[in-house]
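Protein chains: 2
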Amino acid sequence: MENIKHRPLILVTNDDGIKAGGIVAVVRMLKSFGDVVVVAPNQSYSGMSHAITVKVPLYAKLVKESEGLKAYKVNGTPVDCVKLALNKLLDRRPDLIVSGINHGSNSSISIHYSGTMGAAREGALGGIPSIGLSLLNYSYEADFTHAVMFAERVVKHVIDNGLPDHTYLNVNVPDGMNVKGMKVVRQAHGRWVEEFVEREDPRHRKYYWLTGHFKNLEPEAIDTDEYVLSEGYVSVVPCLLDATSHPVIDQLKGLNHELQVQ
Amino acid sequence: MENIKHRPLILVTNDDGIKAGGIVAVVRMLKSFGDVVVVAPNQSYSGMSHAITVKVPLYAKLVKESEGLKAYKVNGTPVDCVKLALNKLLDRRPDLIVSGINHGSNSSISIHYSGTMGAAREGALGGIPSIGLSLLNYSYEADFTHAVMFAERVVKHVIDNGLPDHTYLNVNVPDGMNVKGMKVVRQAHGRWVEEFVEREDPRHRKYYWLTGHFKNLEPEAIDTDEYVLSEGYVSVVPCLLDATSHPVIDQLKGLNHELQVQ
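So the sequence lines, in the order shown, correspond to chains A and B. Residue numbers for the first sequence follow this note's numbering, so the first one is 1 and each next one is one higher. Residue numbers for the second sequence follow this note's numbering, so the first one is 1001 and each next one is one higher.
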C-alpha cells in the first residue's frame, strides 16, 4: 500500500456508456478528490465482462475539457477504455480507477459477466487501485444520491490507504434511501436460472432472448454480499486477480505426468 | 465429486468458431468417451471473455447430426453457447463441458480475456465439470495431435474422478512435439504491455489497434503455468468461481460502517 501525496489523478469508466446517470453522478463527487479523466464507451456495453476489441480499431473522441476534468468517448468495451487510457490518453499514471456507478447489481457471480467489474479488474491488472461501483436499480432514471455518498467513503479510504496488491473492490449499493451502513464481505455462491425466452421470427425460425433471475445458493450464510444487501447494507467484496484454486492443486496431483525420454 | 455411470454426454464449445481446427480435433477424440454435442459460435469470438449477448436474440442452427454427434452453430459468444445448450438445446444435463482446443495461449492472466475460458467458467457456474483447452500456437493450421493426446488424459481423469465443486480447469499445451509431460500448477502473475498501434484514417482521425506482448512478472517462480510451459510441460491450473480475496476482508474492516438510526 502507498499513500498518495500529490493531487490524485482519477480515471473513470463504466459499461452503461458515457451519458449514463451513474457516471455523471460519480464524476461530480470525484472532482473534490483530484483531477478526473473519464474514458468511457460511446454506448452501453452491459454484459461485456472482460472482453477486448480485436476486430476493429478504436477511436477516442475528446468530448469535454474543463478545469480538472476531461472526458473521452471510445467505440470499445470498458476494458478497452482502461487500456487505451493507461497506454495512450492519460499523461500520467492514475492513482485510482473508478468504474461505474453501474445501473444494476454486480454482486455474487455477476462479477463474471459485468463490464463494470471487467474495467475494475483491468485497472488492478495494471497495478492501480480500482473500484467497481453498482446500484441495485437498473432504471436509466435511478437516483444515485445515496450510492454516491457511500462511494465517497470507499474512495476516501482507498486514496488514504491504497489497496493490497492484486486486489480490486466490488461495491454494491442497495436501492432506496434506507441503507443501514456498509460491510466488507465475500462473494455469495449463486447462479442465474431460466435464462431464455423462445420466439419465432417471420421466417418461422426459432430464436432466443437471454433472460433469467439470480438465485442465491447459500441464503443462510450471513457473511456474503447477497445477504448484507438483502439486509440493507452496502457490500464491499475485495476481489483477486488470481483465479487459481490453490487447495485443489494438491488434490489433482494424479494429473502430474512425466513422459519417458526414448 | 461423483463418478459417471451411464454413457457420458459431453458438451463442446470454443471461441474460434465451429469450423476451427482445434474443435474438430478435440471432438474426434471425445467421441470415444461418450455422446458429443457441439454448440459453438458461427465465427471467431476471441477476447470475448465471459461476455453475454443481450442486445440481439440468439439463433441456433443444427449443422450436423450423426451417430453420437450433434453440432449447432450460434450467433453468440462462447458463454451464450453454454447457456443455450444447458437451457434449450441439450435433452439432458451434460457430464462434462470441454471448451477448445483454443488456437493460442490462455495461461496466466489471459484467463480473464479468454472466451474459451469464459465458456469453461460458465460450465462450472452451471455445476458441470468443465475444462478449457488451449494450444500455444495461434495459427489456423496448427497441428493439434499432441494437444489432443494430453487433452485425452485430462478428460479421462475428470470423467473418472469428477472435479471439486466450483472448480474448472485451465489446460495449456506447449507448441511442438517435444512436450515433456504435464504439471498441475498455479496461475502466474503477469501483464500485457505496449498495447496499441497508432494509425491515421483517410479523414485524419487517429485510431488504435490493440496489440502487445505478455510479460511474466514472476519469472523466478517454478510453480506457475508460465514456468512449466516454458520448460516444455502442459500446465493444468484449477480455477475458482469465487473471486473473493478472503484474507483481505479483515484488512479492510475499516470500511465497515453502521449508520446511526435517527
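The beta carbon of each residue, even a glycine, is placed where N, CA and C say it ideally should be. Every value quoted in this text rests on a predicted model; they were computed, and no experiment measured them.
| Asked | Found |
| --- | --- |
| Chain A contact for E1195(B) (CB, 8 Å cutoff) | yes |
| CB contact check: M1029(B) to chain A, cutoff 8 Å | no |
| Minimum Cβ-Cβ distance from H1146(B) to chain A less than 8 Å | no |
| Where the beta strand (DSSP E) through M182(A) begins and ends | 181 to 184 |
| Selected residue, minimal CA-CA separation from L136(A), among P94(A), Y233(A), R7(A) | Y233(A) |
| Separation of E194(A) from Y72(A), as counted between CA atoms | 38 Å |
| Residues of the stretch 233 to 261 of chain A whose Cβ lies closer than 7 Å to any Cβ of chain B, in chain order | V236, V237, P238, C239, L240, L241, D242, A243, T244, S245, H246, V248, I249, Q251, L252, K253, G254, L255, N256, H257, E258, L259 |
| CA-to-CA distance, D16(A) to P1088(B), given in whole angstroms | Going by the sequence as given, residue 1088(B) is Lys instead of Pro. Approximately 29 Å between the Cα atoms of the pair. |
| Residue range of the alpha helix (DSSP H) that includes A1040(B) | No alpha helix (DSSP H) holds A1040(B); the beta strand (DSSP E) holding it covers 1035 to 1041. |
| Proximal chain B residues relative to A51(A), where beta-carbon distance stays under 7 Å | G1047, M1048, S1049, A1051 |
| Three-way DSSP call (helix, strand, coil) for M1(A) in this model | Note on M1(A): pLDDT 46, under 50, position unreliable in the model; no value is reported. |
| Cβ of M182(A) within 8 Å of any chain B Cβ | yes |
| Any alpha helix (DSSP H) of 4 or more consecutive residues that is wholly inside the stretch 1112 to 1162 of chain B | 1115 to 1125, 1145 to 1161 |
| 8 Å Cβ cutoff, L210(A) in contact with chain B | yes |
| Residue-level contact to chain A via CB, S1054(B), 8 Å cutoff | Going by the sequence as given, residue 1054(B) is Val instead of Ser. Taking Cβ atoms only, chain A reaches closer than 8 Å to V1054(B), which makes this a yes. |
| Against chain B: residues of the stretch 77 to 108 of chain A by CB proximity under 9 Å | T77, V79, D80, K83, L84, L86, N87, K88 |
| 8 Å contact criterion, which F1033(B) and V1155(B) should meet: CB distance rounded | 6 Å |
| Among D1175(B), G1047(B), S1049(B), nearest to T1145(B) - alpha-carbon criterion | D1175(B) |
| Closest residue to I52(A) among Y1113(B), I1159(B), G1181(B) (Cα-Cα distance) | Y1113(B) |
| Buried versus exposed, by CB contacts within 10 Å (16 or more), M1048(B) | buried |
| Residues that DSSP places opposite N216(A) in a beta bridge | G190(A) |
| 8 Å Cβ cutoff met for S134(A) and N102(A) | yes |
| CB-CB length for L1011(B) against P1129(B), believed under 8 Å | Not confirmed; about 11 Å, so no contact. |
| For I1109(B), the first and last residue of its enclosing beta strand (DSSP E) | No beta strand (DSSP E) holds I1109(B); DSSP gives it neither H nor E. |
| Extent of the continuous alpha helix (DSSP H) to which K1083(B) belongs | 1078 to 1084 |
| Range covered by the alpha helix (DSSP H) that runs through G1017(B) | Premise fails: G1017(B) is in no alpha helix (DSSP H) and is neither H nor E. |
| Where N1087(B) falls: helix, strand or coil (DSSP) | helix |
| As assigned by DSSP and simplified to three states, the class of I70(A) | Looking at the sequence itself, residue 70(A) is Lys, so the reference to Ile does not match. If DSSP states are grouped into helix, strand and coil, K70(A) belongs with the strands. |
| Neighbourhood of V185(A) by C-beta, 8 Å cutoff - its chain only, sequence neighbours within 5 removed | D223, T224, D225, Y227, V228, S235, V236, V237 |
| Distance CB(D201(A))-CB(Y207(A)) smaller than 8 Å | yes |
| Chain B contacts from the stretch 119 to 146 of chain A (Cβ-Cβ distance under 9 Å) | R121, E122, L125, G126, G127 |
| Simplified DSSP state of R1203(B), which is helix, strand or coil | coil |
| Chain-ordered neighbours of H1112(B) on chain A, where CB pairs are closer than 7 Å | H50, R121 |
| Below-8 Å beta-carbon distance, R1186(B) vs any chain A residue | yes |
| L210(A) versus G22(A) - alpha carbon distance | 24 Å |
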